[in-house]
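Visitor: In my numbering, the protein residues as written are 625 to 674. Quick reminder that beta carbons are idealized off the backbone N, C-alpha and C, glycines included. Bear in mind the structure is a predicted one, so any value in this text is a computation, not a measurement.
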């Protein structure tokens, strides 16, 4: 993993501000490079060690 670069985050913000996102309602858009996908797996792995 790595920290996001400002342009990567700003592209999401620009999309949300644009007319292209006009059909989105009540959406949660996570911009974390997939970090949260691995969190439950890492938690389970660490619990199985102990």
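Sorted by chain position, which residues of the same chain lie with C-beta nearer than 8 Å to residue 653's C-beta, five sequence neighbours on each side aside?
Guide: Contacts found: 636, 640.
Visitor: Rounded to the nearest angstrom, how far is the Cβ of residue 628 from that of residue 657, given a contact under 8 Å?
Guide: Yes, residue 628 and residue 657 are in contact; Cβ-Cβ is about 6 Å, under 8 Å.
Visitor: Please go through the same chain and pick out, in chain order, the residues whose beta-carbon is closer than 8 Å to the beta-carbon of residue 655, but skip the five residues on each side of it.
Guide: Within the same chain, residue 655 has close Cβ partners 628, 632, 633, 636.
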